[in-house]
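Structure, as structure tokens:
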Amino acid sequence: MIARRETLLWAVQRATAVVLAFCVLVHLATIIYAVRTGLSASAILGRTQGSFAWGAFYGVFVIAVAVHAALGMRVIAAEWLRMKGPVAEIFAAGFAVLLAAMGLRAVMAVVAA
Amino acid sequence: MGDRAAVPGSSTTGAGPARANLRVSVWRGGAAGDYQSFEVPRQPSQTVLDVVTYIQRELDPTLAYRFACRVGMCGSCAMTVNGKARWTCRTHVDKVAADGALELRPLANLPVVRDLVSDMREFFDKWARARGQFAPKTTREQPFARIDPRSRQRREADAAIECIGCGVCYASCDVVTWNRDYLGPAALNRAWTLVNDPRDGAQRQRLEAVATDAGCHACHTMMTCTELCPKNLSPTRSIAGLKRASLRLLLGGGGE
């Protein structure tokens, strides 16, 4: 049913927006803290490597970005790039996979012990 | 200072200082066509509809345009005036032609019939597709429904009910331009009034008709419709209501 699907996707984009609002604030606060206290790269890695909490936080952040941005790209693909229904869906799904892969790779790089 | 005292918009009666003629560019033809220029004498309190009527009666009787009531009740005289969709009958020339020039086109996002007349069929067909028809639950044999005027639903419907179908919002909506299937602000606003009508028995069908990627979920909340609605309605608010109602339906809350 198209209405159920579209409503679900809308709700998912809204929900991921809420997650992103929280994650972006934490992320910014982390950056400001790291810069102002002059943490070195090795000091940062010392805190993140093997940390489940940082891994989980940035893992959730990356997934929320991938889902939220891909849902937006789906509409941009249809409205501006003039892609027809399934083409826009595949394009958006590919974009989600790309964002998730790049993001999770970066998370692994700082978290893996 | 004396010759600068004619404040635009002030309705000084009688013969003020002679004002320069208006330069009016009017779209002629159908989808393909060109602008034709006219010189129209300025009058105090002149509306854009007065200008178009002057052109047709005095300068070129073949000009096609549409109007009926002249007083902002019927919604038939909307056109694109200097790039914005407006009711021509309620738009004073002084307000929109600061440099003495007017450019008139038919409403955007609709096929052009001829000159300033756009074909409103798809606009109204979309009202039907959005299930803008009242679907009564009861017959005339049954007693009147009692609706509390202070109820939330009645107030939501009241806020959206005054639409007269002029098409200004539809012609101004970028989502309509990008997605020709999009139902548009007016049709969705109409659906919202019925979603808030407890006497209506087609709630589920209506929400299923509007909660699509060509319906309420296509709206990007840019609010051009709300900014330009001559009745000061907020289709954006109505569409947001439809989004919430569709979510309630999805979560099993039913169509109220």
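In the order they appear, the protein sequences are chains A and B. All residue numbers for the first sequence refer to my numbering, where the first residue is 1 and numbers rise by one. All residue numbers for the second sequence refer to my numbering, where the first residue is 1001 and numbers rise by one. We treat Cβ as the ideally placed atom computed from N, Cα and C, and that holds for glycine.
The ligand MN heavy atom lying under 7 Å from the CB of B/R1155: By its list of ligands, the structure shown contains no ligand whatsoever, and the ligand MN lies outside what it can speak to.
Min CB distance A/T37 to chain B below 8 Å: So no, A/T37 is outside the interface.
CB contact flag (B/P1185, B/C1225, <8 Å): Yes; because the gap between Cβ atoms is below 8 Å, this pair is in contact.
Short CB-CB distance (under 8 Å) between B/H1217 and chain A: Yes, its Cβ sits closer than 8 Å to a Cβ of chain A.
Length at least 4, wholly inside the segment 1046-1072 of chain B: the alpha helix (DSSP H) runs in chain order: DSSP assignment within the segment 1046-1072 of chain B yields the following whole alpha helix (DSSP H) runs of 4 residues or more, N-terminal first: 1048-1054.
DSSP state of B/M1223 mapped onto helix, strand, coil: Correct three-state label for B/M1223: coil.
B/A1171 beta carbon less than 8 Å from that of B/A1108: Taking 8 Å as the cut-off, the beta carbon of B/A1108 is found closer than this to the beta carbon of B/A1171.
Residue range of the beta strand (DSSP E) that includes B/G1132: Here B/G1132 belongs to no beta strand (DSSP E), and DSSP marks it neither H nor E.
Outcome for B/T1221 when other beta-carbon atoms lying within 10 angstroms are tallied against a minimum of 16: B/T1221 should be labelled exposed.
Candidates B/V1026, B/R1204, B/T1236, of which the one nearest B/L1249 by Cα: The option with the nearest alpha carbon to B/L1249 is B/R1204.
Short CB-CB distance (under 8 Å) between A/E141 and chain B: Since the first residue of chain A shown is 1 and the last is 113, residue 141 of chain A is not available in this structure.
Given A/A113 as reference, the closest of A/T30, A/A3, A/G94, A/S42 once Cα atoms are compared: The closest CA to that of A/A113, considering only A/T30, A/A3, A/G94, A/S42, is found on A/S42.
Of the listed residues B/V1113, B/F1123, B/G1100, B/S1246, nearest to B/T1177 (C-alpha basis): Checking every option, the nearest Cα to that of B/T1177 belongs to B/F1123.
Chain B within 8 Å of A/R4, Cβ atoms only: So, interface residue.
B/R1114 versus B/Q1036: straight-line alpha-carbon distance, rounded: One alpha carbon belongs to B/R1114, the other to B/Q1036, and they sit about 13 Å apart.
Residue-level contact to chain B via CB, A/W80, 8 Å cutoff: At least one chain B Cβ lies under 8 Å of A/W80.
C-beta neighbour in chain B for A/A180, strict 8 Å: Since the first residue shown for chain A is 1 and the last is 113, residue 180 of chain A is missing from the structure and cannot be characterised.
8 Å Cβ cutoff, B/K1243 in contact with chain A: Yes, contact with chain A.
B/R1206 vs B/A1191 beta-carbon contact at 8 Å: Against a cut-off of 8 Å, the Cβ pair of B/A1191 and B/R1206 comes out as a contact.
A/A53 to A/V60 span [Cα, whole Å]: Their Cα atoms are separated by approximately 11 Å.
Ranges of the beta strand (DSSP E) found wholly within the segment 1066-1107 of chain B, counting only runs of at least 3: Whole beta strand (DSSP E) segments, 3+ residues: 1078-1081, 1084-1087, 1101-1105.
is_contact[B/A1211, chain A] using C-beta, thresh 8 Å: Answer yes: the Cβ-Cβ gap between B/A1211 and chain A drops below 8 Å somewhere.
Span of the beta strand (DSSP E) around B/Q1153: Judged by DSSP secondary structure, B/Q1153 falls outside any beta strand (DSSP E) and instead within the alpha helix (DSSP H) spanning 1152-1160.
Alpha-carbon to alpha-carbon, A/L9 and A/G85: Going from the Cα of A/G85 to the Cα of A/L9 covers about 15 Å.
From A/A29, A/V62, A/S40, residue whose alpha carbon lies closest to that of A/A17: Ranked by Cα distance from A/A17, the options A/A29, A/V62, A/S40 are led by A/V62.
Selected residue, minimal CA-CA separation from B/T1236, among B/V1112, B/M1223, B/K1243, B/A1245: With respect to the C-alpha of B/T1236, the residue from B/V1112, B/M1223, B/K1243, B/A1245 having the closest C-alpha is B/M1223.
C-beta neighbour in chain A for B/L1250, strict 8 Å: Output row for B/L1250: interface = yes.
Within-8 Å CB hit, B/W1087 to chain A: The beta-carbon of B/W1087 is placed no less than 8 Å from the nearest beta-carbon of chain A.
Whole-angstrom distance between A/R82 and A/E89, CA atom to CA atom: Taking the Cα positions, A/E89 is about 12 Å away from A/R82.
Closest by C-alpha distance to B/S1118, when choosing among B/R1023, B/A1214, B/R1028, B/Y1054: Of the candidates B/R1023, B/A1214, B/R1028, B/Y1054, the residue whose Cα lies closest to the Cα of B/S1118 is B/R1028.
CA-to-CA distance, A/A92 to A/R74, given in whole angstroms: About 5 Å.
Residue range of the unbroken alpha helix (DSSP H) whose run includes A/W80: It is not in any alpha helix (DSSP H) - A/W80 carries neither H nor E in the DSSP assignment.
Start-to-end residues for the beta strand (DSSP E) that takes in B/Q1310: Because chain B is modelled from 1001 through 1256, residue 1310 of chain B falls outside the range shown and cannot be assessed.
Neighbour flag for B/E1208 against chain A, beta carbons, 8 Å: Flagged as an interface residue toward chain A: B/E1208, by a C-beta distance shorter than 8 Å.
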